[in-house]
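A.B. asks: What follows is a single structure, and I will ask about it in a moment.
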């Protein structure tokens, strides 16, 4: 049985223009895609992409404005389509070139982008 070693997680800020380059570098270095998630940070959306190699996580942190568009990472890691469609439907994040784009129909929601309270005058709800 191997001994468990707890290490600090690695969070690397990345710009929209560098995201695909960073993802391709991680893939070339043998990392696997683990997950992606989003959260509102005031009027911005923070997206966190997590990758693993040898039980060591690397996280790319992308912070975008409401109007910015993000290139999909599905060209490198196809399963990311699940997370990207989720972020689109729940937060209104616009992804370009998704391998599988549900066009806003991945989830059935009562109102568009319900977790994005900053968008379309939803403040205070």
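Residue numbers (the numbering used here): -19 to 105. Each residue gets a CB set at the ideal place from its N, CA and C atoms; glycine is no exception.
Using only CA atoms, which one of 22, 70 and 34 lies nearest to residue 14?
C.D. replies: Counted from its first residue, the chain shown places residue 14 at position 34. For residue 14, the nearest C-alpha among the options comes from 34.
A.B. asks: Grouping DSSP H, G and I as helix and E and B as strand, with all else coil, what is residue -8?
C.D. replies: If you number the chain shown from 1, residue -8 lands on position 12. For residue -8, the three-state secondary structure derived from DSSP is strand.
A.B. asks: Go to residue 21, then tell me how far its beta strand (DSSP E) extends in each direction, as first and last residue.
C.D. replies: Numbered from its first residue, the chain shown carries residue 21 at position 41. Here the beta strand (DSSP E) through residue 21 covers 12 to 21.
A.B. asks: Just list the residues that DSSP pairs residue 43 with in beta bridges.
C.D. replies: Sequence index remark: in the chain shown, residue 43 carries index 63 (1-based). 26.
A.B. asks: Nearest by alpha-carbon distance to residue 54: which of 16, 44 and 37 is it?
C.D. replies: Against the chain shown, residue 54 aligns to sequence position 74. When C-alpha distances from residue 54 are compared across 16, 44 and 37, the shortest belongs to 16.
A.B. asks: Bridge partners of residue 36, per DSSP?
C.D. replies: Position 56 of the chain shown, counted from the start, is the residue given in the question as residue 36. 33, per the DSSP bridge assignment.
A.B. asks: Between the segment 84 to 93 and the segment 23 to 42, are three or more C-beta pairs nearer than 8 Å?
C.D. replies: no
A.B. asks: For residue 89, does the three-state DSSP call read helix, strand or coil?
C.D. replies: The sequence position of residue 89 within the chain shown is 109, counting from 1. Here residue 89 sits in coil by DSSP.
A.B. asks: Just the Cα atoms here: how many angstroms apart are residue 9 and residue 2?
C.D. replies: As a first step, residue 9 is located in the chain shown; it is residue number 29 there, counting from the start. As a first step, residue 2 is located in the chain shown; it is residue number 22 there, counting from the start. Taking the straight line from one Cα to the other gives about 11 Å.
A.B. asks: Roughly how many angstroms lie between the CA atoms of residue 7 and residue -2, to the nearest whole one?
C.D. replies: To locate residue 7, count along the chain shown from 1; it is residue 27. To locate residue -2, count along the chain shown from 1; it is residue 18. Going by the C-alpha atoms only, they are around 14 Å apart.
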